[in-house]
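Q: For the sequence shown, this note's numbering begins at 2 and goes up steadily by one. Cβ atoms here follow ideal geometry from the backbone N, Cα and C, with glycine treated the same way. The structure's right below; bear with me while I get my questions together.
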Amino acid sequence: MTFLNEINNALPPNHPWGQNIIHLTTVDSTNTYAKKLAQQGAPEGTVVIADHQTGGRGRMGRSFSSPPSMGLYFSLITRPHCTPDQLMHLTCSVGVAASISVEQVSGLKSGIKWTNDLVLGKKKLGGILTELSIDPATKLVDYAVIGIGINCRQGEADFPEEIRTIATSLAMAGANVSRGALAAALIEELYRINQEIFSEKERIMDLFRSRCVTIGQDISVLRGDHVFHGKALSVDNDGALLVRSTDGRLVSVASGEVSIRGMYGYL
Ligand code: BTN
Numbered sequence: 002m003t004f005l006n007e008i009n010n011a012l013p014p015n016h017p018w019g020q021n022i023i024h025l026t027t028v029d030s031t032n033t034y035a036k037k038l039a040q041q042g043a044p045e046g047t048v049v050i051a052d053h054q055t056g057g058r059g060r061m062g063r064s065f066s067s068p069p070s071m072g073l074y075f076s077l078i079t080r081p082h083c084t085p086d087q088l089m090h091l092t093c094s095v096g097v098a099a100s101i102s103v104e105q106v107s108g109l110k111s112g113i114k115w116t117n118d119l120v121l122g123k124k125k126l127g128g129i130l131t132e133l134s135i136d137p138a139t140k141l142v143d144y145a146v147i148g149i150g151i152n153c154r155q156g157e158a159d160f161p162e163e164i165r166t167i168a169t170s171l172a173m174a175g176a177n178v179s180r181g182a183l184a185a186a187l188i189e190e191l192y193r194i195n196q197e198i199f200s201e202k203e204r205i206m207d208l209f210r211s212r213c214v215t216i217g218q219d220i221s222v223l224r225g226d227h228v229f230h231g232k233a234l235s236v237d238n239d240g241a242l243l244v245r246s247t248d249g250r251l252v253s254v255a256s257g258e259v260s261i262r263g264m265y266g267y268l
């Protein structure tokens, strides 16, 4: 069975987002590829999946390890009609959809490290990179590319040495999951969340808060070369992390160019 057949067999018949799925053997980055398609007018619901990425990208200019046939490397184009500040909760919403999809196909309950990492135990299972394009004339969002990478079949030795102690995969957690079934679950969940992204914002963010492993942790917040420490108290409905700093201030941290670390490790 081809990979596309596997996805379509797992999707309900005539699913609106089952029509424009592009499967590539190798690409630099599915997000970069999807952005080019979106610029050429590709419709909402276009999905790009690759078996291998040679330049998988993460937040803050980091790379995302994407060895052949080991992970799901997935990008989706959406075209929400709104301003960018109405989509502050987009990455969190995608995290909820990804965590639910993983649970559906593997039975494993993954957490979300604010703002964009999927975690199992204390290790990183995957990541999310959402990229928006704004129409300069209208200041509205032209398209969003939602990129999701999930480690499926890697063993420890398949990860680059520098992330070996912090990375995990579904296989390492004992789940043998088909990437096609996981892709289909993601398409269904993302479709559902996309339909409810404005009307059900509070409920989606409640789901985020219930899966967010950062809340309650002592953390370090890194912004450029500036660092402060504190306790993560909650996440608001726009996806900002509320932190009580060690000097007593209540700080709202928007994801932007911020990276967080637990005081004692990755989580
Ligand atoms: C992160 O860890 O900071 C986010 C990682 C996002 C990786 C996915 S894999 C599919 C899509 N294409 C990319 O180049 N990045 C995303």
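For I194, which three-state DSSP category applies?
A: It is helical.
Q: Smallest Cα separation from G344: which of G231, G225, V146 and A158?
A: Since the first residue of the chain shown is 2 and the last is 268, residue 344 is not available in this structure.
Q: Just the Cα atoms here: how many angstroms apart are I220 and S246?
A: In a straight line, the C-alpha of I220 is about 9 Å away from that of S246.
Q: What does Y74 pair with, by DSSP beta-bridge criteria?
A: A51 and G150, per the DSSP bridge assignment.
Q: Below 8 Å on the Cβ atoms is my guess for D29 versus G56; work out the distance and round it to an integer in Å.
A: Confirmed, Cβ separation roughly 4 Å.
Q: From the DSSP output, read off the bridge partner residues of I129.
A: Paired residues: I149.
Q: Hey, how far is the Cα of L5 from the Cα of A185?
A: Between L5 and A185, the C-alpha separation is close to 10 Å.
Q: Under three-state DSSP, which class holds V97?
A: Three-state DSSP puts V97 in a helix.
Q: Measuring straight from C-alpha to C-alpha, what distance separates N177 and L121?
A: So the alpha carbons of these two residues sit roughly 15 Å apart.
Q: Count Cβ pairs between the region 84 to 94 and the region 102 to 109 that sit closer than 8 Å; are there 3 or more?
A: No, the region 84 to 94 does not touch the region 102 to 109.
Q: Can you have a look at A182 and say buried or exposed, based on whether 16 or more other CB atoms are within 10 angstroms of its CB?
A: Buried: at least 16 other Cβ atoms inside 10 Å.
Q: How should S211 be labelled, buried or exposed, when 16 other C-beta atoms within 10 angstroms of its C-beta is the threshold for buried?
A: Counting Cβ neighbours within 10 Å, S211 comes out exposed, since fewer than 16 surround it.
Q: Quick check on A255: buried or exposed, where buried means 16 or more other Cβ atoms within 10 Å of its Cβ?
A: Answer is exposed; the Cβ neighbour count stays below 16.
Q: Output yes or no for whether 9 Å exceeds the beta carbon distance between S170 and G156.
A: In contact: S170 and G156 (Cβ atoms closer than 9 Å).
Q: Is any heavy atom of ligand 1 found at a distance shorter than 8 Å from the C-beta of K125?
A: K125 Cβ: within cutoff of ligand 1.
Q: How should C83 be labelled, buried or exposed, when 16 other C-beta atoms within 10 angstroms of its C-beta is the threshold for buried?
A: By the neighbour-count rule (16 or more Cβ atoms within 10 Å), C83 is not buried but exposed.
Q: According to DSSP, simplified to helix, strand and coil, what is T31?
A: T31 falls in the helix class under three-state DSSP.
Q: For S179, collect the residues of the same chain with a Cβ closer than 7 Å to its Cβ; drop the 5 residues on either side in sequence, then sort them by chain order.
A: So the qualifying residues of the chain are E7.
Q: Since F209 is in the alpha helix (DSSP H), which residue starts that stretch and which ends it?
A: Here the alpha helix (DSSP H) through F209 covers K202 to R212.
Q: By how many angstroms is the C-alpha of S66 removed from the C-alpha of R154?
A: Rounded to the nearest angstrom, the two C-alpha atoms are 13 Å apart.
Q: Check S66 in the structure and name its three-state DSSP category.
A: In this structure, S66 counts as coil in the three-state DSSP scheme.
Q: Taking buried to mean at least 16 other C-beta atoms within 10 Å of its own C-beta, is T139 buried or exposed?
A: Result: exposed.
Q: What residue from L208, F229, R262 and L223 has the CA that sits closest to G240's CA?
A: For G240, the nearest C-alpha among the options comes from L208.
Q: With F4 as the anchor, note down where its alpha helix (DSSP H) starts and where it stops.
A: First-last of the alpha helix (DSSP H) with F4: F4 to A11.
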